[in-house]
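Its first residue numbered 0, the sequence shown is counted upward by one per residue in numbering that gives the first Met the number 0.
Note that the Cβ used here is the ideal one computed from N, Cα and C, for glycine as well.
These figures come from a predicted structure and were not determined experimentally.
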Amino acid sequence: MPTPQAAISVTPSNITLTTDSGNSATVTVTNNGVVDAYNVSTTLATPNHGVMVNSTTCGSVLGYSPPNNTCTITFEMGAGGSAGTTNATIKGDNSNVSSVAISVVSPVAPVLSINSPAQPDRVIPVNNGSLDIVVVSSNPLATSNTDITASLPSAWVSSVTASYTDCTDVVPGGSCTIHLQATSPFVADEITINGTNGASPLTTYVAFRAGGGLVFSVNGGVTKVVTEANISSGIIWGGYGYEVGGINQNSTVSGGDPCDGKNDGGCNTTRIINCLTNQDNCVNTPSSSIDIATYAAGICDQYNGGTFNDWYLPAICEWSNSGNSCSIDNIYTNLRQHGFGGIVVGAYWSSTEVSTLPQDFAWYQLFAASGNSFQGGSTKSSQPGVRCVRGF
């Protein structure tokens, strides 16, 4: 009577290694027979493309009764590997022959992409939770996993922290979440998302929410924010035919004017209300008080978004640096250009009067469909949109 043979099988029967030295894969050998298998060993075909057996747990005897009827063999890529295919034959002294088909491929790097949130919502709420960025290893053909981390601007050190969920050893097609928290506000800036194993860095801008709005300026201890939505889609500047005075683009405190007209929307707004509604301190005083709820600076003054009541109509240079020799931090440069604020194409009032015919004209900010930004003068009876600003 013939001697019973051990019946072994191997799973998986196909493995893939990359040419990177140290890359490895493990198979499991199972004895499905009714007798022990002796001296289960592995023979690699020639050429082996740099593949070698790193380790085995099969030993001299592989039993046939669970749980002692399995062992593992680990294949590893040595130095100088080359792409191609080879085969490993696995056999015991008294067993059938089983085999593993081995593909050796050049490494394909992971590709990182941001799944959520969309760019306009990549905003860190200061002292009020976190921005959670979901990053995906989006190349299903990648041959390696990746560790994902974020590099933050140096100015954010000690104020902004990053923590991670499932960001170690992310498989192709897998995702992780980066949590960003802040204790102080900053203007929008670029962060870099990094991945190991050849993944190209990914960059994205991140903004900050504080004090009832989106941050567009942090300067000299003062943080300025703008409302995240229009307070009006169209309203008059007010007081057509009347000059408030001291708030045009050439007005300066150093020159003896009440306000730095192109830069200080808070000062401008106070003067506008005093003139149009309180009928006080105007170059030309209106014949009657103008309802504060009917003009641009007035509705900003009355706005109490985020429970704050110190909002004002921004000066022209707080909107952008696209004219009037503007040089201060502004909404266009630090927010809209990076996709934040939902500021749509169109015109928006500033609180700055035009120096020529100031009784009739005020500056507005125009955002064109081309993405460009322009400043212009319009009659005070026209109706651009309104966003409001506050500083703290």
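Checklist entry - Just the Cα atoms here: how many angstroms apart are I147 and V156? => result 19 Å
Item to check | Counted within 10 angstroms of its Cβ, other Cβ atoms place L356 as buried (16 or more) or exposed | outcome: exposed
Item to check | Buried or exposed (CB count within 10 angstroms, at least 16 for buried), D165 | outcome: exposed
Checklist entry - Roughly how many whole angstroms lie between the Cα atoms of D19 and I123? => result 39 Å
Next on the checklist: Considering only DSSP beta bridges, list what A352 is partnered with.
Outcome noted: For the record, residue 352 in the displayed sequence is Glu; it is not Ala. N247 and A361.
Next on the checklist: For a quick check, are the C-beta atoms of V169 and N144 less than 7 Å apart?
Outcome noted: yes
Item to check | Segment contact, 8 Å Cβ cut-off, at least three pairs: the region 358-378 with the region 203-214 | outcome: no
Item to check | Of the residues G338, S324 and S319, the one placed nearest I330, counting alpha carbons only | outcome: S319
Next on the checklist: Tell me the rounded alpha-carbon separation between T182 and Q336.
Outcome noted: 25 Å
Item to check | 7 Å Cβ shell around V217 - same chain, five flanking residues per side excluded | outcome: P184, F185 and V186
Item to check | Inter-residue CB distance, G80 and H48 (contact presumed, cutoff 8 Å) | outcome: 6 Å
Next on the checklist: Restricting to Cα atoms, I'd like to know which of C281, D279, W236 and T176 is closest to R386.
Outcome noted: W236
Checklist entry - When the Cα atoms are used, what is the spatial distance from P171 to P109? => result 7 Å
Checklist entry - CB-CB under 6 Å to N13, same chain, minus the five flanking residues each way: which ones, in chain order? => result A100
Checklist entry - Where does the unbroken alpha helix (DSSP H) through F270 begin, and where does it stop? => result Note that residue 270 corresponds to Arg in the displayed sequence, not to Phe. Run containing R270: G264 to L275, per the alpha helix (DSSP H) assignment.
Next on the checklist: Please return the same chain residues whose Cβ sits closer than 7 Å to the Cβ of M0, not counting the five positions on each side in sequence.
Outcome noted: For M0, the pLDDT reaches just 49, beneath the cut-off of 50, and the residue's location in the model is therefore unreliable, leaving the point undetermined.
Next on the checklist: Between the region 213-228 and the region 242-249, can you find at least three pairs of beta-carbon atoms closer than 8 Å?
Outcome noted: no
Checklist entry - Rounded to the nearest angstrom, how far is the Cβ of I132 from that of T176, given a contact under 8 Å? => result 7 Å
Checklist entry - Nearest-angstrom Cα distance between A6 and V52? => result 22 Å
Next on the checklist: Whole angstroms are fine: how far does the CA of N280 sit from the CA of Y258?
Outcome noted: Here residue 258 turns out to be Cys, not Tyr, going by the sequence shown. If I take the Cα positions, the gap works out to 13 Å.
Item to check | Same chain, Cβ closer than 6 Å to H178, neighbours up to 5 away in sequence not counted | outcome: S129, D131 and S162
Checklist entry - With which residues is E189 paired in a DSSP beta bridge? => result Y204
Item to check | Secondary structure, beta strand (DSSP E): runs of 3+ residues fully inside the region 42-66 | outcome: 50-55
Checklist entry - Rounded C-beta distance between S350 and Y302? I'm assuming under 8 Å. => result With a Cβ gap of about 14 Å, S350 and Y302 do not count as contacting.
Checklist entry - With burial defined as no fewer than 16 other Cβ atoms inside 10 Å of the residue's Cβ, what is the status of V343: buried or exposed? => result exposed
Checklist entry - Thinking C-alpha only, which one of T269, P65 and S288 is nearest C299? => result T269
Next on the checklist: Within the continuous beta strand (DSSP E) that includes C70, where are the two ends?
Outcome noted: T69 to M76
Checklist entry - Would the beta-carbon of S8 fall within 7 Å of that of N31? => result yes
Item to check | Per-residue burial, L213 [other beta carbons within 10 Å of its own, 16 or more giving buried] | outcome: buried
Item to check | For L16 and V39, believed in contact at Cβ under 8 Å, the rounded distance | outcome: The pair is not a contact, with the Cβ atoms about 21 Å apart (cut-off 8 Å).
Item to check | Close Cβ partners of S112 (< 6 Å) along its chain, the five nearest in sequence each way excluded | outcome: V135 and S137
Checklist entry - Looking at the unbroken beta strand (DSSP E) that takes in D131, where does it start and where does it end? => result L130 to S136
Item to check | Buried versus exposed, by CB contacts within 10 Å (16 or more), A154 | outcome: exposed
Checklist entry - Just how far apart, CA to CA, sit P313 and V252? => result 17 Å
Checklist entry - With burial defined as no fewer than 16 other Cβ atoms inside 10 Å of the residue's Cβ, what is the status of F391: buried or exposed? => result exposed
Checklist entry - Where does M0 fall in DSSP's three states? => result Note that M0 has pLDDT 49, beneath the 50 cutoff, so the model's placement of it is unreliable and the number below is only indicative. Note: M0 maps to coil in three-state DSSP.
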